[in-house]
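**Q**
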Amino acid sequence: MRLRSGFGLFALAAAALAVAFLVLPVVAIFADVSPGRLLDALGEESAQEALWLSLRTTLIAIAIVIVVGTPAAYLIGRRRFRGRALVLTAIELPLVMPPAVAGIALLAALGPHGIVGGWVEDAGLELVFQTAGVVVALVFVSAPFFLRQAIAAFAALDPRPLEAARTLGAGQFRTFATVAVPSARPGLAAGLALAWGRALGEFGATLLFAGSLEGVTQTAPLAIFSEFSRPGGFVSALALSAVLILVAALILVGVKLLGADRAVEVGPREESR
Amino acid sequence: MSAPGPLRIEAEMPLREFDLALAVEVAAGECLAVAGPSGAGKTTLLRIAAGLLRPPSGRVAIGEEAWLDTAAGRDLPAERRRCGFVFQDYALFPTLSAWRNVAFGMRGPRRERRRRAEQLLERFGIAALADAHPGSLSGGERQRVALARALAAEPRALLLDEPLSALDPESRRAAQRELHDLLEELRIPVLLVTHSEQEAGLLADRIATIDRGRIVSLEALRPGGDRPGR
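Sequences listed follow chains A and B, in order.
In terms of our numbering, the first sequence opens at residue 4 and continues consecutively.
In terms of our numbering, the second sequence opens at residue 11 and continues consecutively.
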C-alpha cells in the first residue's frame, strides 16, 4: 500500500491512533505507580490470595475446556448433520451474552433453586459461594472462545490425511490424536489463548454466581474491584492490575509460541506439471 | 506375507450425475489399470474398496474374506481392512517426519519401527530424508514416501490413485520405472487409476475403461494378462 496518497496518510493516522489508544492505558498502569509501591501492594496477603485463586481456577477451567472441548469440536467440525447451524449458534451465544446475564443464567440453571439445582445438590456439589462455582462460571464464559476456533480449525483440515490414517490401520481415536490435533494445532492454540484470557478477566458471571468471598471466590478481577471501592485502595488495585496484565501477556506469548509452526507446512505444495 | 487371493469389488451406487454399477476382479500379483474421463467413478471405486465410502449395495472381498457385504450387513471399517491406498496428492501427514509417516501403519517398539521405516526409505532411495517433513520434500520424494507408507503396513491389496500425476515429466519417467519394478515384486492385487495410456501399458496387466460409472471395455495389455492369477 502506498502511504504518500490521501488515503494512505489517513490509514497511517488511523493505525497510529488505534495502537496508541490500545497501548496508553496499559502503559499508564505501570507509569502511575512506582515499582516499589507496586511490590508493597502485592505483598498483601489478600492480593496474593486473589492471584493464586485466579491462577488455580483458570487452570482447572481451561483443562476442562480442552479435555471436553477438543473432541466435541472435532465432531462438530468434521461432520455435517441436521441442526449443525443451530448447535454452532448455541455454542456462540455466551460470547455475546453480557457477563452479568451469564451469572444470572447459571444461577437459574445450577443454583439452589435452579432447574437442575436439585441434581447438583444430590451429586454433593456446592457451587454458589464456592471455588467450584468460580470454575463453572469460567468454563461457561471461556469455552465458546475455544470451541469456535477449534471447530473452525478442524473443519478446515484436509480430509485426505485423515482417511490415509484409517487405511493405515488407525482407529478413530488414533486418527484424532496423532493426525487431526497436530494439524489443527495453530487454531487450537489461538482458541486456547482467547479462552484463557477471557477466563482470567472474568468478573460479572463469577460475582453473581459464586460471589466475592476473599480466599474462596474472590479472583484477581474481583479483588481489583474490591480494592478500588475501598478508600485508599487505588494503588493496590493498580498493582493487581499490573500483575494481571503481565500474566495475560505471558499466556498470549506462550500460547502463540505453542501454535507457531516449526517445520510444519499444512497441505501439499503445488508441483509444476 | 501369504498370498491374499483376488480382490473382488461389486458396487452399485447412485452418484450425482449417473448411477455407478461396477464389478471388477484383480488377481494377486496382477495390476489392473482403471482409465476413463474425469468424474467417471474411478476414485469412487477405490474409495469403496478401501472402506472410505459405503455403497448402498455391494460386495468387496479379498480371497475368501468379505470386507463389505451389504446383503449380509457386513462392513469392515477402513482401519481393519489393511488396504493400502496411495492418494493422488499423497496425503502425507504434514506434522510428521518422513520416517514417522512410513512407520505410522507399523506395530512394535519405536526403535524397530524406525529401523524398518528406514529400510523402506532406503529401498526407495530416500533414506537421507528420513527426518525431513513433507513440506520440504519434492513431489517425487513425497510420492516415494507415500508408496513406502502404504507398503509398510503390509497391505493385502494396493490402491494407487493417479500416483504419478502430480510429478513433472522427468520425475514421472523415473517414477514409472521404479513403480514398474515394484509391481513386479508385489504378490498382492493392485488397482491403478491413471489418465495415461502409456502408463497403463507400462505398469498394468489389464486395463478397464470406465465411463459414467460403467466398464465400457476390458483389455489384456500383456501376454497372460487376460488370465487373472498368472
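Yeah, the Cβ is synthetic: ideal placement off N, Cα and C, and Gly gets one too.
From a predicted model like this one, the values you see are computed outputs, not experimental measurements.
1) Report the neighbours of E166/A on chain B: residues whose CB is nearer than 9 Å to its CB, in chain order.
2) Using a Cβ-Cβ distance cut-off of 9 Å, determine whether P173/B contacts chain A.
3) Which residues mark the beginning and the end of the beta strand (DSSP E) in which T219/B is found?
4) Could you give the C-beta distance for A163/B and M116/B, rounded to a whole number, given that I count them as a contact under 8 Å?
5) Could you tell me if Q129/B is buried or exposed, where buried requires 16 or more neighbouring beta carbons within 10 angstroms of its beta carbon?
6) Over what stretch of residues does the beta strand (DSSP E) that includes I248/A continue unbroken?
7) Would T73/A count as contacting chain B if we go by Cβ distances under 9 Å?
8) Please list, in chain order, the chain B residues whose beta carbon lies closer than 8 Å to that of G136/A.
9) Who pairs with F95/B in a beta bridge, going by DSSP?
10) Judging by CA-CA distance, which residue of P97/A, G172/A, A53/A is the nearest neighbour of E89/B?
11) Do A103/A and A208/A come within 9 Å of each other at the CB atom, strictly closer than that value?
12) Give, in chain order, every unbroken run of the alpha helix (DSSP H) that is at least 4 residues long and sits entirely within the stretch 107–188 of chain B.
13) Tell me which same chain residues have a C-beta within less than 7 Å of the C-beta of E209/B, skipping the five on either side of it?
14) L191/A and V184/A - do their beta-carbons sit closer together than 9 Å?
15) Does DSSP put A159/A in a helix, a strand or coil?
16) Since I94/A and R87/A are thought to touch, with beta carbons under 8 Å apart, how far apart are those beta carbons, to the nearest angstrom?
17) Any contact between the stretch 108–128 of chain A and the stretch 166–180 of chain A? By contact I mean 3 or more CB pairs, one from each, below 8 Å.
18) Beta-carbon of S186/A versus every beta-carbon of chain B: anything under 9 Å?
19) Residues of chain A with CB closer than 9 Å to the CB of R159/B, please, in chain order.
20) Check for me: the alpha helix (DSSP H) holding L91/A runs from which residue to which?
21) Does the contact criterion of 3 or more C-beta pairs under 8 Å hold for the stretch 125–142 of chain A versus the stretch 41–58 of chain B?
22) What residue range does the alpha helix (DSSP H) around R201/A cover?
23) Which of the three DSSP states, helix, strand or coil, is assigned to E27/B?
24) Could you tell me whether the Cβ of V182/A comes closer than 9 Å to any Cβ of chain B?
25) Nearest CA to the CA of A218/B: which residue from P24/B, G46/B, A21/B, E27/B?
26) Closer than 9 Å, CB to CB, is D35/A near chain B or not?
27) Can you name the residues of chain B whose CB is closer than 9 Å to the CB of G174/A?
28) Compile a chain-ordered list of the residues in the stretch 77–101 of chain A whose CB is closer than 9 Å to at least one CB of chain B.
29) Can you name the residues that DSSP bridges to D85/B?
**A** Taking the geometry as given:
1) Correct list: R57, A60, L62, A88, F95, F97, A101.
2) Chain A contact via Cβ: absent.
3) From DSSP, the beta strand (DSSP E) with T219/B extends over 216–221.
4) With a contact defined as Cβ atoms closer than 8 Å, A163/B and M116/B qualify at about 7 Å.
5) With fewer than 16 neighbouring CB atoms inside 10 Å of its own CB, Q129/B falls in the exposed class.
6) Counting along the chain, I248/A sits inside no beta strand (DSSP E); it lies in the alpha helix (DSSP H) bounded by residues 237–262.
7) Not closer than 9 Å to any Cβ of chain B, the Cβ of T73/A fails to qualify, so no.
8) Per Cβ cutoff of 8 Å: no residues; G136/A is ~39 Å from chain B at best.
9) Looking at the DSSP output, F95/B shares a beta bridge with L169/B.
10) When only C-alpha atoms are compared, the closest one is G172/A.
11) Closer than 9 Å, so yes.
12) If we require 4 residues or more, the alpha helix (DSSP H) runs fully inside the stretch 107–188 of chain B come out as 108–113, 120–133, 149–162.
13) Hits under 7 Å: L174, Q186.
14) Contact: yes.
15) DSSP places A159/A in coil when its eight states are reduced to three.
16) The Cβ separation is near 11 Å, so there is no contact.
17) Contact between the stretch 108–128 of chain A and the stretch 166–180 of chain A is absent, because fewer than three Cβ pairs lie under 8 Å.
18) With a threshold of 9 Å between beta carbons, S186/A makes contact with chain B.
19) For the C-beta of R159/B, the chain A residues within less than 9 Å are, from N- to C-terminus, A167, L171.
20) Segment 87–99, the alpha helix (DSSP H) holding L91/A.
21) Segments in contact, no.
22) Its alpha helix (DSSP H) spans residues 188–204.
23) It is coil, neither helix nor strand.
24) Using a CB distance cut-off of 9 Å, V182/A counts as an interface residue toward chain B.
25) In terms of CA proximity to A218/B, G46/B leads the group P24/B, G46/B, A21/B, E27/B.
26) Chain B, which has no Cβ nearer than 9 Å to the Cβ of D35/A, makes this no.
27) In chain order: P87, E89, R90.
28) Hits within the stretch: zero.
29) DSSP lists L78/B as partners of D85/B.
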